[in-house]
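Listed in order, the protein sequences are those of chains A and B.
Here numbering that gives the first Met the number 0 is used: the first residue of the first sequence is 0, the next is one more, and so on.
Here numbering that gives the first Met the number 0 is used: the first residue of the second sequence is 0, the next is one more, and so on.
No residue lacks a Cβ here, since even glycine has one placed at the ideal position from N, Cα and C.
A short worksheet on the structure shown next.
2 protein chains.
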Amino acid sequence: MNLQKLRENILEQGRKAKQAEKFLSVCRTEVKDQALYAMAQALLDQQEAILIANQMDMQRAQENGLKKSMLDRLLLTPERMEDIAESIRQIARLKDPVGSAEYATRRPNGLDIEKVRVPLGVIGIIYEARPNVTADAAALCLKSGNAVLLRGGSEALASNRAICSCMAQAAEKAGIPEGAIQLIDSPERQGSIYLMQMPEYVDVLIPRGGINLKKSIQEHATVPYIMTGMGNCHIYVDEWADHKKAQDIVLNAKVQRPSVCNAVETLLVHEKVAPIFLPQVAQSLQAAGVALRGCERTLQYLPDIQPACEEDWEEEYNDLILAVKVVQSLDEAIEHINTYGTQHSEAIITENYTNSRKFMLSVDAAAVYTNASTRFTDGGEFGFGAEMGISTQKLHTRGPMGLSELTTFKYMIYGDGQIR
Amino acid sequence: MNLQKLRENILEQGRKAKQAEKFLSVCRTEVKDQALYAMAQALLDQQEAILIANQMDMQRAQENGLKKSMLDRLLLTPERMEDIAESIRQIARLKDPVGSAEYATRRPNGLDIEKVRVPLGVIGIIYEARPNVTADAAALCLKSGNAVLLRGGSEALASNRAICSCMAQAAEKAGIPEGAIQLIDSPERQGSIYLMQMPEYVDVLIPRGGINLKKSIQEHATVPYIMTGMGNCHIYVDEWADHKKAQDIVLNAKVQRPSVCNAVETLLVHEKVAPIFLPQVAQSLQAAGVALRGCERTLQYLPDIQPACEEDWEEEYNDLILAVKVVQSLDEAIEHINTYGTQHSEAIITENYTNSRKFMLSVDAAAVYTNASTRFTDGGEFGFGAEMGISTQKLHTRGPMGLSELTTFKYMIYGDGQIR
């Protein structure tokens, strides 16, 4: 497709989404919920066609040499289709945030001011090659009264096409207008860039991805955006740490699911506990298949591991690799985290009250922990029921984004003729 | 100054601000408040030098033919200096939003999760040629624990230099670190653009201004921003309006202070009331010096006024001019507002419950009113005590921005060794 035509198509999708949004913003919860249940059922009813489309994606991906962990994310099975449908039904059961008043007040002049949650409008989402995100994101946006423009990874294009058209048709039959759920259907990278550049139609863009996507957004985006999912997370084992807690938490945060953004990437250890703690934790990490990369002082205690270089402090491995650094003080740990961290999730392991307090106040991140695994930064674990991603920026919202974070508010003011 | 040097200077200011922010983010309220009182006093103690600097700005502005309303905004007098000082003292008396918990919850696994307000970090502000904004913005940012980079209109450069250095010195003497309050000291337009392009140092940019600033921001900014102050506001006089309320509100919203963003710019009148209401309201508006511009049907009832063209529906006059349009229905009024409005403040005048409800739900704006003047969209009128501007975007915050809107939050999570 030539680029001019592609741009026109995407603009037209934006116009349609904006039109659908007007209906969605005042749509009753019961209508949205019925559409969600219909979408879940349609995905199961039409799963044969979806699985065939997914097989096409898988075949192409294998030919292109996509790595195994990526192939696994791309794969759909009947069991996974059931999970996707159940996830949509769960979202239908969550409380609708739209219309709830954060506060209401009567001013001295008799004006009643209410601050009421309303949908953001049209949400654009750019995400990796995981077809389940297509379904989840569409469901979360619909439930919160937003129209959505989905731009998934090109490796999953056939799967996303099948899922998206199935959901959109089911939603339409249930009374949701055309345009509420749309896929940016183009393998060209330019498709993402056009989506970043239509502030007249896109109220918020939510990019899910790594540093390259962030750079592209900062360079090209003219729409407001919320960056999500970049996690260079640290655990600092303090001089006063309980070694057993520290070891369990480090192991959990690295090994339980290394590919996610709230997994730990660098371990910082106070010099006073390093001689005893490092050999212990290294043993259990290595037994779990983790490759360690250490600073000079770490190598004194773990002479067999690979040395760490400057890039290791910056890198989000998303893999069974952990950088290790010995620090002289809590202050050095905080400074390291505030320098190299991505403001996602940071933890201190300590029994010392004052050190905990200092770490919690001074570390600048969406989530700061004392004596718990960074893996808890998650919409489900926080009790949100579902999540769109983890915001790593300070504007609008920070940390896990549930339904409420997909809304904004307006002030509704009731008077009897008041003037100034 | 050559541009390379200018860029380096501004980057260095960003670095200093980021450094100061670390102190400010955990600074006790009493220290910030003492600094604010000291700043207010210093502005009064050094007012002679500030007024001399202001005279230089005034003289240059007069030579450059700045229009009278702008000259008045630029002018400082001893009375205005007292107002500025009192405004800073008022901000010192407001409640500090930092550290308050929006909620706290204990999860089933025993984790305690608190959502706690923290400063945004470094705030950049681009604003028009009003020296009082320099003082207000610095005080609001300091009170909310943020470092600030101020970029005022070049017409006020000498005044801003004097005010800013006076405040920064007073703050430093009171224990606030260097770099907390800084002026981007350059008349070149490029100074603004560099401020828009340092995401490593600027957490949020708050541009206060019109459509040209908005376009420049959309084109150049790589930092997150909150657009403020664009107000193409409407009042819709419904078929069921009380004519007396309608007339008082329209007059107030246009005339009481026409230069501000919450003044009304377009009057929409239902066709059934137009024949009687339009001549009445026109008389009182014209008596107050307002020039009217009408659609074709308006001209039937007000044959002597100027015809309105398409641009009139789009324009924010900020002046004693009002566009007038006759509409066939509430739906047409809502459609017009959602097409031409800037999502600032919109009002319906009606005694009809269902029409009020439909307008309040369907109009997409920061503030929607039934039977009150749009002029109430203001931090003071909302009870915030002070304001940084009126956000007209949906992300982060909408409407008047007080101290709380200059903060974000972080999750503080306390455990006893929890893992997943």
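Residue i - partner residues in DSSP beta bridges
| i | result |
| --- | --- |
| M226 (chain A) | Answer is none; M226 (chain A) lacks a bridge partner. |
| E29 (chain B) | Answer is none; E29 (chain B) lacks a bridge partner. |
| E343 (chain A) | Per the sequence shown, the amino acid found at residue 343 (chain A) is His instead of Glu. None, per the DSSP bridge assignment. |
| C232 (chain A) | A:V263 |
| P206 (chain A) | A:I125 |
| I348 (chain A) | A:V236 |
| G398 (chain B) | B:S390 |
Inter-residue Cα distance where the pair is residue i and residue j
| i | j | result |
| --- | --- | --- |
| I336 (chain B) | V268 (chain B) | 12 angstroms |
| A252 (chain B) | I225 (chain B) | 25 angstroms |
| L329 (chain B) | N354 (chain B) | 7 angstroms |
| L301 (chain A) | E310 (chain A) | 20 angstroms |
| R116 (chain A) | S99 (chain A) | 6 angstroms |
| L394 (chain B) | L182 (chain B) | 27 angstroms |
| V201 (chain A) | E11 (chain A) | 12 angstroms |
| G174 (chain B) | M38 (chain B) | 12 angstroms |
| Q89 (chain A) | D241 (chain A) | 39 angstroms |
| L141 (chain B) | L23 (chain B) | 8 angstroms |
| M229 (chain A) | Q417 (chain A) | 49 angstroms |
| P176 (chain B) | K21 (chain B) | 10 angstroms |
| D42 (chain B) | A48 (chain B) | Strictly speaking, residue 42 (chain B) in this sequence is Leu, with Asp absent from that position. Their backbone Cα atoms lie some 10 angstroms apart in a straight line. |
| G379 (chain B) | I87 (chain B) | 14 angstroms |
| L212 (chain A) | K66 (chain A) | 19 angstroms |
| C294 (chain A) | W312 (chain A) | 10 angstroms |
| G123 (chain B) | V272 (chain A) | 43 angstroms |
| Q282 (chain A) | A245 (chain A) | 14 angstroms |
Where the beta strand (DSSP E) containing residue i begins and where it ends
| i | result |
| --- | --- |
| A385 (chain B) | Note, A385 (chain B): premise wrong, no beta strand (DSSP E); not H, not E. |
| E113 (chain A) | D111 to P118 |
| F358 (chain B) | Where F358 (chain B) is concerned, there is no enclosing beta strand (DSSP E), although the alpha helix (DSSP H) it sits in stretches over Y352 to S361. |
| D415 (chain B) | T406 to Q417 |
| Y102 (chain A) | A100 to R105 |
| M195 (chain A) | Unbroken run through M195 (chain A): none, as it is neither H nor E. |
| G152 (chain B) | Segment: none, G152 (chain B) is in no beta strand (DSSP E) and carries neither H nor E. |
| Q181 (chain B) | I180 to L182 |
N-terminal and C-terminal residue of the alpha helix (DSSP H) that residue i is part of
| i | result |
| --- | --- |
| A287 (chain B) | Run containing A287 (chain B): none; DSSP gives neither H nor E here. |
| V249 (chain B) | H242 to V254 |
| E313 (chain A) | E309 to E313 |
| P130 (chain A) | P130 to K142 |
| P77 (chain A) | P77 to R92 |
| K15 (chain B) | L2 to S24 |
| M166 (chain A) | L156 to K172 |
| M57 (chain B) | Q46 to E62 |
| E295 (chain B) | E295 to Y300 |
| R72 (chain B) | K67 to L73 |
Any chain B beta carbon closer than 7 angstroms to residue i
| i | result |
| --- | --- |
| V289 (chain A) | no |
| K172 (chain A) | no |
| I412 (chain A) | yes |
| V200 (chain A) | One detail in the question is off: residue 200 (chain A) reads as Tyr in this sequence, not Val. Chain B, which has no Cβ nearer than 7 angstroms to the Cβ of Y200 (chain A), makes this no. |
| Y368 (chain A) | yes |
| K420 (chain A) | Only positions 0 to 419 of chain A appear in the structure, and residue 420 (chain A) is not among them; the question remains open. |
| H219 (chain A) | no |
| N211 (chain A) | no |
| D311 (chain A) | no |
| P176 (chain A) | no |
| Q189 (chain A) | no |
| A103 (chain A) | no |
| G293 (chain A) | no |
Any C-beta of chain A under 7 angstroms from that of residue i
| i | result |
| --- | --- |
| Y316 (chain B) | no |
| Q417 (chain B) | yes |
| T407 (chain B) | yes |
| S359 (chain B) | In the sequence as displayed, the identity of residue 359 (chain B) is Met instead of Ser. Answer yes: the Cβ-Cβ gap between M359 (chain B) and chain A drops below 7 angstroms somewhere. |
| H395 (chain B) | yes |
ask   = Between the stretch 339-352 of chain A and the stretch 249-264 of chain A, do at least 3 Cβ pairs fall closer than 8 angstroms?
value = Yes, the stretch 339-352 of chain A is in contact with the stretch 249-264 of chain A.
message = Quick test of the definition: if touching needs 3 or more C-beta pairs under 8 angstroms, does the stretch 153-160 of chain A touch the stretch 124-134 of chain A?
response = yes
query = Counting pairs of beta carbons, one from the stretch 134-153 of chain B and one from the stretch 166-180 of chain B, are three or more of them closer than 8 angstroms?
reply = yes
query = Counting Cβ pairs closer than 8 angstroms, one from the stretch 69-78 of chain B and one from the stretch 23-39 of chain B, do we hit at least three?
reply = no
task = Pair every Cβ in the stretch 172-188 of chain A with every Cβ in the stretch 145-152 of chain A, then say whether three or more of these pairs are closer than 8 angstroms.
result = yes
request  = Would you check if there are 3 or more beta carbon pairs closer than 8 angstroms linking the stretch 288-307 of chain B to the stretch 315-322 of chain B?
outcome  = yes
ask   = Is there contact here, the stretch 103-116 of chain A with the stretch 39-54 of chain A, by at least three beta-carbon pairs under 8 angstroms?
value = no
ask   = Can we say the stretch 356-375 of chain A touches the stretch 292-308 of chain A, given the rule of at least three CB pairs closer than 8 angstroms?
value = no
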